[in-house]
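Have a look at the structure below before the remarks.
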Amino acid sequence: MSAVITGVGSAVPGAMDQAGLWDNFFRAHYGSDRLAQRVFASSAITTRHGVADPRLIDVSAWTTGQRMARYVDEAPRLGKAALSAAFAAADLDPADIGLFTVASCTGYSTPGLDLVLARDMAMEPSVQRLLVGHMGCYAALPALGAVADFVVARGRPAVLLCVELTSLHIQPATDEVSQMVAHALFSDAAAAVVIRPDSQVAAGTGGLRFVDMVAVADHSTADHMTWDITDLGFRMGLSPQVPAVLARHVSGVVRDRLLAPHGLAPTDVAGWAVHPGGRRILEVVEEQLELPAEAMEPSYAVLDRNGNCSSATVLMVLEQLPATPGPVVAMAFGPGLTLYAALLHRS
-12 MSAVITGVGS AVPGAMDQAG LWDNFFRAHY GSDRLAQRVF ASSAITTRHG VADPRLIDVS
48 AWTTGQRMAR YVDEAPRLGK AALSAAFAAA DLDPADIGLF TVASCTGYST PGLDLVLARD
108 MAMEPSVQRL LVGHMGCYAA LPALGAVADF VVARGRPAVL LCVELTSLHI QPATDEVSQM
168 VAHALFSDAA AAVVIRPDSQ VAAGTGGLRF VDMVAVADHS TADHMTWDIT DLGFRMGLSP
228 QVPAVLARHV SGVVRDRLLA PHGLAPTDVA GWAVHPGGRR ILEVVEEQLE LPAEAMEPSY
288 AVLDRNGNCS SATVLMVLEQ LPATPGPVVA MAFGPGLTLY AALLHRS
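Here's what the structure looks like:
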């Protein structure tokens, strides 16, 4: 038996144009700092989305409690919209789900999103639930691996939801480049995937079969990407050395550990869903794996239209891939410094 992704759905809150965010909020936030302006201008982002548009409400001085209260209000609506889209795409009733997994690093509450949304989506009271918290941008892939294992072991469908509300964590202005980059990149979104046992999937339906997953954590660079809880929300630390670290690992992880054991090379891959952590991250992957420019187009398109939505982003790229039969690679990166890569196959 194998696990097959049969439905993907996503949802975003209100749109915020990148140029308008700079002109009407961040320019004053940074006192017209020229470096901050360059960071925004070079982001490769046109539009982002947020439940808290800083041009309308400045949360940078809010306490963590205030930010979490807003998360509790906003996250269920966004999560429900993404779940509804995924279930519709999979043509599956939520009551048939055996495991409901939620990943998020931008907010917490108890009862959590998993319990609230299981109720709101009319899942069975007996549904098993799993909450994956604070793993950061790569969380979708280890969560997907756990969900796929459940589907194979139990022979029941499951659903994974990633919800991230990064707009709730705008920090007070400093001269730190890492804060400028975080303010220029991050965005809000929810994305969900429905996974079924292959025995429940009709031939020729075009689902994505889960094949394999690998990971590497470079503990020597653990301080290069951090996500700390403070009295003023969650604060990102982001070293400019991150792309260089990823460059050391991408080829070995993808070529040697993920593809080669299955008799594959990057040229055999029909679709690439690479987490758009930023423009330079995508450039590094393209360079190290010697990919044609068109292979990265879905990732660049999601970055342009949505920014970096943390754990939800790689699933949003997966949703945008053309329905070309063959191997598909999904990759995501985050604190640790961690790289996850999954091999899927579209029938």
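Residue numbers (the working numbering): -12 to 334.
From the three backbone atoms N, C-alpha and C, an ideal C-beta is built for every residue, glycine too.
Based on the DSSP output, what are the partners of residue i in its beta bridges?
{"i": "P184", "result": "A(-10)"}
{"i": "D327", "result": "A small fix is needed here, since residue 327 is Tyr in this sequence, not Asp. Bridge partners of Y327: A202 and A319."}
{"i": "N295", "result": "F173"}
{"i": "C124", "result": "According to DSSP, which records beta bridges pairwise, C124 is partnered with nothing at all."}
{"i": "P314", "result": "H332"}
{"i": "I157", "result": "Answer is none; I157 lacks a bridge partner."}
{"i": "S91", "result": "G120"}
As a quick exercise: from the options, pick the residue whose alpha carbon is nearest that of residue i.
{"i": "S256", "options": "V241, E270, R266 and D40", "result": "Residue identity differs from the one stated: residue 256 is Val in this sequence, not Ser. Ranking V241, E270, R266 and D40 by Cα distance to V256 puts V241 first."}
{"i": "F197", "options": "V261, L131 and E111", "result": "L131"}
{"i": "M200", "options": "F27, A247 and V180", "result": "A247"}
{"i": "A105", "options": "A(-2), R116, A202 and S96", "result": "R116"}
{"i": "A260", "options": "G66, S298 and A231", "result": "S298"}
{"i": "E274", "options": "V316, T300, A231 and D291", "result": "A231"}
{"i": "A317", "options": "N293, D291 and L269", "result": "L269"}
{"i": "H332", "options": "G193, M55 and G265", "result": "G193"}
{"i": "A76", "options": "D107, D60, T(-7) and S238", "result": "T(-7)"}
{"i": "D83", "options": "V301, G52, E111 and T300", "result": "E111"}
{"i": "A109", "options": "F74, A133 and A135", "result": "F74"}
{"i": "D162", "options": "A209, L118, S238 and V26", "result": "V26"}
{"i": "G85", "options": "F137, R292, E151 and L290", "result": "F137"}
{"i": "A252", "options": "L118, V188 and L330", "result": "L330"}
{"i": "P263", "options": "H249, T300, L276 and T254", "result": "T300"}
{"i": "T217", "options": "A189, T208 and T50", "result": "T50"}
{"i": "H206", "options": "D215, G321 and L155", "result": "G321"}
{"i": "V38", "options": "E151, A189, D215 and W9", "result": "E151"}
{"i": "R57", "options": "V188, Y95 and S238", "result": "Y95"}
{"i": "G323", "options": "C296, T208, P309 and T311", "result": "T208"}
{"i": "P312", "options": "Q187, T153, G191 and V181", "result": "G191"}
Between residue i and residue j, what straight-line distance do the alpha-carbon atoms span, to the nearest angstrom?
{"i": "A126", "j": "A90", "result": "7 angstroms"}
{"i": "S113", "j": "V168", "result": "43 angstroms"}
{"i": "V46", "j": "F173", "result": "15 angstroms"}
{"i": "G(-4)", "j": "A69", "result": "5 angstroms"}
{"i": "A15", "j": "G258", "result": "41 angstroms"}
{"i": "G142", "j": "Y17", "result": "53 angstroms"}
{"i": "C149", "j": "A319", "result": "13 angstroms"}
{"i": "T33", "j": "M(-12)", "result": "43 angstroms"}
{"i": "H170", "j": "F13", "result": "8 angstroms"}
{"i": "V315", "j": "G294", "result": "22 angstroms"}
{"i": "S19", "j": "V229", "result": "26 angstroms"}
{"i": "E61", "j": "L245", "result": "37 angstroms"}
{"i": "D185", "j": "S334", "result": "11 angstroms"}
{"i": "A23", "j": "R267", "result": "17 angstroms"}
{"i": "D107", "j": "S71", "result": "11 angstroms"}
{"i": "G285", "j": "Q307", "result": "One detail in the question is off: residue 285 reads as Pro in this sequence, not Gly. When rounded, the distance between both Cα atoms is 6 angstroms."}
{"i": "V119", "j": "R292", "result": "26 angstroms"}
{"i": "H236", "j": "E277", "result": "14 angstroms"}
{"i": "A189", "j": "C296", "result": "33 angstroms"}
{"i": "A6", "j": "S29", "result": "11 angstroms"}
{"i": "S154", "j": "G265", "result": "17 angstroms"}
According to the Cβ coordinates, are residue i and residue j closer than 8 angstroms?
{"i": "P159", "j": "L219", "result": "yes"}
{"i": "S165", "j": "M223", "result": "yes"}
{"i": "A31", "j": "Y287", "result": "yes"}
{"i": "A282", "j": "V139", "result": "no"}
{"i": "A177", "j": "A(-2)", "result": "yes"}
{"i": "I157", "j": "P279", "result": "no"}
{"i": "D175", "j": "P63", "result": "no"}
{"i": "V134", "j": "T88", "result": "yes"}
{"i": "A202", "j": "T325", "result": "yes"}
{"i": "L225", "j": "M212", "result": "yes"}
{"i": "G52", "j": "L100", "result": "no"}
{"i": "M3", "j": "R54", "result": "no"}
{"i": "V304", "j": "V289", "result": "yes"}
{"i": "L302", "j": "V180", "result": "yes"}
Can you find a C-beta in chain C that's less than 8 angstroms from the C-beta of residue i?
{"i": "A6", "result": "Absent from the structure: chain C. Only one protein chain is present."}
Curious, which full-length beta strand (DSSP E) runs of at least 3 residues does the stretch 11 to 52 contain?
-> 34 to 36
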